[in-house]
Structures are given as C-alpha cells and as structure tokens.
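Numbering (the UniProt record's numbering), first residue to last: 9 to 712.
Built from N, CA and C at the ideal position, the CB exists for glycine as well.
Report on the following structure.
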Ligand code: SF4
C-alpha cells in the first residue's frame with residue numbers, strides 16, 4: 009500500500025470535557041506504516057471566540073474514548089447475575105414494567121432520576137421533564153451538585169441570578185488584578201491559561217489561593233498557600249484590609265448594594281493575625297493580596313471547587329463576592345466574578361431542570377407562577393408537577409433507606425463521584441432496579457440491572473453552555489456505533505412505554521431546544537432568542553437572550569442587578585473554617601482535585617490510551633517531612649483512612665503541598681477511590697458535600 013495519511017472524513021465538533029468547550033476538527037483516515045494500514049484520528053483546535061483555536065491534551069485525545077473497543081453497542085440486562093446483551097425492546101419493557109409496578113404500589117417518589125453536568129442542554133432539560141411528567145417524581149438531582157452548586161446558589165443570592173462568568177473571557181486580559189481562589193486552571197481548563205498570561209503581560213497582578221503549588225500557582229505573582237477549608241476566613245480578612253485602607257468604592261456601594269453597614273460592623277470583629285493563623289499563612293501576604301486587588305481600577309475574582317466543595321462553600325463564595333462588590337469591580341470592562349465550572353455543560357446543566365428545586369430557565373419549582381408557566385409549556389396541570397426533591401447525596405441516603413427503590417442514572421458515575429462511597433455502594437445494591445445509560449460499563453453501570461448504550465460527543469447533536477454563559481451548538485459528526493442511541497431518544501422511548509409518549513414526541517435535538525427556548529422564556533436564564541440557525545451563524549450566543557434579533561448579554565450587571573430592587577447584596581460571613589476536626593487518630597487533612605490528563609471519574613479519559621499513559625493510577629501527593637514522619641517512601645503503596653473508609657494509592661513525595669495536607673486526584677474508582685474517605689457533611693445552603701477537608705491518617709503498606 010501507498011505510504012502516508014489518507015483522510016477519509018473531517019468532523020467539526022467540540023471537546024466533550026471541560027467548561028471551555030473548545031471547538032475542534034477531528035480528521036479520520038488511514039495511515040500506512042511499514043506496509044501495515046491502520047486507522048488514525050487527528051484532532052486540531054478550531055478558531056472560536058472562547059477557545060481561540062486552542063486544544064489541550066484531553067481534547068486532542070477525546071476521540072480515543074469515542075472510538076474505543078469497550079464502547080457499549082447493545083443494551084444489557086442482568087440475568088442470573090450477569091449482564092447480557094438484549095434487544096432495545098426488552099430493555100425498555102423491563103424498565104417500564106418495574107417503574108409501573110412501583111408507580112402503582114409505592115407512588116412516583118419511589119423512583120429517582122440522577123443526571124449529569126456533561127449532558128447537553130436538551131438532554132438536561134428533557135431529563136427534568138421526564139422526572140416530573142413521565143414519572144411524576146420529586147426525586148431528581150445530578151452530579152453538578154458536587155461541582156458548582158455553592159457558586160450557583162451564592163451568585164443567585166448576591167446578584168439575583170447565577171451566570172458562571174459575569175463578564176467575557178476577553179475581559180481577563182483587561183483586568184489589573186486577578187484572584188484565582190481554589191482553581192487550578194493550568195490543569196483543569198488549560199486553554200484558558202493564555203488569557204491569564206496575556207493579563208500578566210498587560211501588567212496584571214495574579215493571586216492564587218491554593219493549598220498546593222499547582223502549575224497555576226507557580227505562574228502567579230502571589231501564592232497564598234492556604235489551609236484547606238479556610239477560604240471564607242481569608243476572604244473576610246482581605247475585605248477588612250480593603251475597608252481599613254480606604255479601597256472601598258463608596259459610590260458603587262451606596263448606589264448599587266444593600267447590607268454594607270451590617271458588613272462593616274461585622275468586619276470590626278475580624279482579627280487579621282487570628283485569620284492569618286487560621287489560614288496558615290503570613291498576615292503580610294493577606295495585606296499584600298488585599299492591597300493588590302483593592303488598589304487597582306479593574307479586577308476579576310474567580311472561584312472553583314477548592315472554595316466551593318466545602319461545608320461552608322456557599323458562604324465562602326459570598327465572602328469572595330463581597331470583595332467584588334466592595335471595590336465596585338463588576339459590570340464593566342476588565343471586571344467581574346467567575347465560577348470556573350468544571351464539567352462540559354456545568355453552566356447549562358444547572359439551568360434547565362435537572363436540579364431538585366428547579367424548572368427550566370432557572371425557574372423555581374416552588375414558585376407558583378413558575379410552575380404554572382412551565383406546566384403550560386408542557387401541557388400539564390401545575391398541580392400535577394411534584395415539589396422540591398433532595399440533593400444528589402441525599403438521594404443516595406434515601407436509596408439506602410429504601411425510600412427510593414428504582415434509580416435511573418444518565419451521564420453520571422455516582423458510585424465514584426459521591427462522597428462516602430461505602431454508603432453509596434450499599435445503597436445501590438438495595439435497589440429493585442438500577443438503570444444506567446452510559447457509553448461504557450462504568451463502576452456504576454457494572455452494578456446496574458439494565459445498561460443502555462448512548463452516543464458520544466462525535467455522534468449526538470445538542471447545545472452546551474460554556475463557563476462564560478455562551479451557548480454553543482455541537483452537531484453530530486458521525487453515526488452511532490452499533491445500537492447506541494441518543495440520551496434524549498431513550499427518555500422519549502421510556503416515556504412512551506409509560507404511556508406518556510404524547511408529551512415526548514420530538515423529531516430531533518433542535519425540536520427539544522425549541523421547547524426549551526419557550527420554557528425558559530422570561531426566566532432568569534432566558535434562551536428564547538437563541539436558535540440553532542443563530543448558533544450556526546454566530547460563534548455562540550450569551551444568555552440571557554430574550555429576542556432573536558438581539559445579541560445575548562456578554563457583560564452582566566452593567567446598570568442593574570437581578571434582584572427586584574436592582575441592587576446586589578453584601579453578606580455577613582461568620583466563619584472560623586470549614587475543616588473536619590483533626591485528631592490524634594486522624595491527624596491530616598485530605599483534599600482532592602483533578603490532574604491534567606483526566607476528567608471527572610475518568611470513565612472516558614481512563615479509556616484513552618494517550619491520557620491513561622500519563623496517569624495510569626491514583627496517587628497521593630505528600631510533603632517530604634510528612635512522609636518521613638509516617639515512614640513513607642516515594643512511590644510506594646499507602647493506605648489513607650478516615651472514619652468513613654479507606655483507599656489505597658501510590659505515594660508521590662513533593663514539597664509542593666502543605667505539611668498538614670494530602671492531595672489525591674478524584675478520577676479513579678474501586679480501591680483507589682478518594683471518595684471512600686471524603687465527607688458526606690453537606691453545606692446547609694446548597695447541599696454541597698465537604699469534599700475538600702476530610703480528617704485522615706496515612707500508613708505505608710510495607711509496614712502493614
Ligand atoms: Fe478545551 Fe477543556 Fe477540552 Fe481541554 S478539556 S480541550 S480546555 S474543552
């Protein structure tokens with residue numbers, strides 16, 4: 009055969025992983041090497057306003073999981089203990105029969121629906137409708153609860169509406185000071201880094217708040233290597249310096265905010281030395297950070313999971329929002345706040361109804377007007393819509409208590425991503441029926457009674473909303489393998505089997521989006537002005553966008569906030585830390601996070617040979633002095649245990665981490681799953697578990 013690469017198809021698509029949603033082109037073809045012909049794929053970044061043509065290593069290799077031999081291509085049903093291939097009809101009948109029995113004997117709340125933040129807007133929307141209309145259950149929530157629910161609820165309380173980024177990514181280079189709190193962009197959203205490099209070239213001062221010297225922290229001008237769980241304490245201390253040194257923007261505060269006087273009274277009681285001691289950093293560094301942010305005209309504060317995955321995550325974010333409001337750095341160029349969402353559709357996935365308390369367009373399931381409006385779009389009676397459910401982990405508790413007896417999981421791997429995994433495993437074993445729709449036999453799918461094969465990012469069409477609130481269209485670029493079906497199609501099929509097909513008769517994803525537009529119309533996240541035609545013509549459209557002849561809103565809150573009095577709200581944040589109490593038995597703090605090569609529970613990236621080769625197994629990052637103290641050698645297997653459970657990983661001794669802290673990535677299941685030890689304690693406002701601060705002990709297995 010002739011040597012060289014022969015391209016047979018070129019697919020325009022979008023990376024399925026993080027919240028930047030980089031546009032790209034995947035070329036498929038054959039290559040001849042030494043007379044052997046093999047299929048090859050090549051991914052390249054495609055020009056786009058958000059990602060600017062860049063791709064990171066995850067995007068470059070995403071096709072490896074989509075084309076993987078382990079892709080599920082047929083439905084599976086458990087028979088005599090084993091999952092065996094069956095026809096779709098049998099799989100759908102099994103689900104419908106089990107659901108119908110539960111509906112008639114136990115009522116709809118015996119069925120739970122569990123979604124994911126990587127699902128398209130159309131699927132997330134339809135999953136919410138499926139729960140409320142096809143099943144009638146109040147129990148629906150999703151893995152985004154573990155992602156940015158703290159930032160979302162904080163943004164809603166403070167500004168009146170939650171859009172991840174209140175400004176454009178293009179504002180980053182215009183900011184003179186940038187605070188990156190609990191976010192490791194260089195590994196989690198790598199294609200955003202050039203925005204920050206550009207800002208630095210323009211003279212910006214970049215502050216990173218993180219217990220580890222991450223690649224992001226290494227690039228900062230100031231790194232506050234904070235003790236996990238102390239973010240709210242630090243933000244309060246910075247705010248006190250800002251106020252004391254006269255950096256407050258009095259005019260902005262007077263005209264555009266409420267609650268300032270109470271905040272001032274509270275700050276009088278904040279002691280900087282005490283705060284610095286709690287945070288485990290020098291007081292001078294707090295002053296320097298506050299001075300850097302307070303003294304400049306423009307600035308942006310970003311938070312991510314480091315701040316948010318805490319039992320005080322909601323309030324910790326509000327403490328950072330106080331900094332933004334106090335200095336008037338919002339609603340104009342080079343200013344704003346951003347929650348760096350983690351999941352591919354972390355923003356859109358939280359807007360259209362797969363949350364326990366939510367209807368499409370960020371409407372509330374507890375608001376009578378919202379219920380009436382959405383019911384009218386769906387053609388049902390408002391009184392038929394169930395009420396508010398519970399958060400994702402609380403659903404697992406209800407499964408454990410046998411209150412929920414059937415669970416339908418779509419686009420999520422809860423047995424890896426929930427805290428306190430032992431309880432989750434026990435719970436799932438108790439179910440009458442566990443249905444998992446996924447591309448692979450994930451850790452959760454392996455426990456299922458019915459497994460449904462779904463299409464990948466290369467094969468399905470839908471919209472995703474990136475971290476800046478920009479809605480982007482991703483169109484199917486190749487046909488589905490085997491009998492894999494689109495998620496939305498599966499929901500329609502099950503609904504039809506439950507005799508609710510008339511509410512779920514859609515031609516395609518665009519048809520669902522047309523209904524979503526209408527359901528979101530007039531709501532806080534208004535998509536009414538966004539159409540597929542527009543998305544094909546334009547490089548994405550920001551929400552809110554109430555009209556097809558108007559641009560979406562790139563910069564939020566220029567003149568007004570979304571509360572009825574148009575003002576934002578300061579928050580009195582009382583905090584002395586959110587960590588789990590350490591003890592003689594559990595003397596170290598365990599925190600978790602991501603690595604460059606992997607995404608979420610690793611269900612996709614661990615199946616990409618190029619990505620798996622970079623990080624093949626889980627590890628713990630431990631400080632050299634801590635390692636010596638616990639007799640741990642570099643590269644050996646260790647056991648880490650909390651009062652909830654233990655896991656086993658390899659040690660990686662590094663001076664990059666605080667001596668009192670261990671860091672373990674979150675991408676592995678089984679005995680390497682960090683969530684065997686994490687905390688199920690929930691934030692009282694947003695029900696986010698305290699993932700980032702478990703009290704643990706460590707021991708080398710060579711001494712076992
Ligand atoms: Fe872009 Fe994120 Fe995908 Fe990397 S993982 S290519 S940054 S969307």
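Through-space distance from residue j to residue i, alpha-carbon basis
i	j	result
residue 471	residue 552	15 Å
residue 287	residue 293	11 Å
residue 129	residue 353	8 Å
residue 506	residue 439	20 Å
residue 30	residue 560	20 Å
residue 673	residue 687	15 Å
residue 84	residue 108	20 Å
residue 262	residue 254	15 Å
residue 284	residue 242	7 Å
residue 226	residue 278	30 Å
DSSP state of residue i mapped onto helix, strand, coil
i	result
residue 64	coil
residue 709	helix
residue 735	Nothing about residue 735 can be reported from this structure: the residues present for the chain run from 9 to 712 only.
residue 50	strand
residue 9	The pLDDT assigned to residue 9 is 45, lower than 50, so where the model puts this residue is not dependable; a value taken from the coordinates is nonetheless given after this. In this structure, residue 9 counts as coil in the three-state DSSP scheme.
residue 348	coil
residue 238	coil
residue 601	strand
residue 540	helix
residue 555	coil
residue 365	coil
residue 159	helix
residue 410	coil
residue 170	coil
residue 149	strand
residue 372	strand
residue 674	coil
residue 647	strand
residue 550	strand
residue 55	coil
residue 545	helix
residue 448	coil
residue 91	strand
Spatially closest choice to residue i from the options, by CA coordinates
i	options	result
residue 127	356, 639, 77, 103	356
residue 350	45, 100, 18, 156	156
residue 413	401, 433, 442	442
residue 420	124, 227, 67	124
residue 448	497, 572, 73	73
residue 689	318, 538, 678, 639	318
residue 8	202, 485, 186	Residue 8 is absent from the structure shown; the chain starts at 9 and stops at 712.
residue 311	302, 321, 304	321
residue 216	210, 209, 204	204
residue 466	335, 451, 485	485
residue 330	683, 622, 582, 665	582
residue 25	609, 181, 693	609
residue 180	435, 285, 348	348
residue 616	17, 274, 68	68
residue 95	493, 573, 358	493
residue 70	574, 613, 635, 696	613
residue 191	457, 183, 200	200
residue 402	709, 63, 104, 691	691
Cβ shell of residue i (< 6 Å), same chain only, five flanking positions each side left out
i	result
residue 270	580
residue 750	Limits of the chain in this structure are 9 at one end and 712 at the other, which puts residue 750 out of reach.
residue 605	619, 622, 623
Contacts around residue i, its chain only, beta-carbon distance under 8 Å, and the 5 residues preceding and following it disregarded
i	result
residue 9	Confidence at residue 9 is low in this model, with a pLDDT of 45, below 50, so its placement is unreliable and no value can be given for it.
residue 680	625, 626, 655, 656, 657
Residue i: CB within 7 Å of a non-hydrogen atom of the ligand GTP
i	result
residue 59	Among the ligands present in this structure, namely the ligand SF4, the ligand GTP is not found.
Other residues of its chain near residue i: CB distance less than 7 Å, five sequence neighbours each side excluded
i	result
residue 386	137, 141, 511
residue 139	121, 145, 148
residue 237	318, 585, 586, 587, 700, 701
Min CB distance residue i to chain E below 8 Å
i	result
residue 287	Absence of chain E from the displayed structure is noted, only one protein chain being present.
With a floor of 4 residues, list each alpha helix (DSSP H) that falls wholly inside the stretch 285-321, ordered by position along the chain.
291-302, 313-316
Ignoring anything shorter than 4 residues or poking outside the stretch 170-252, list the alpha helix (DSSP H) runs there in chain order.
193-196, 201-209, 223-226, 239-252
What runs of the alpha helix (DSSP H), each 4 residues or longer, lie entirely inside the stretch 497-531?
517-528
Please give the ranges of any alpha helix (DSSP H) in the stretch 568-626, keeping only runs that are unbroken, at least 4 residues long and fully inside the region.
617-622
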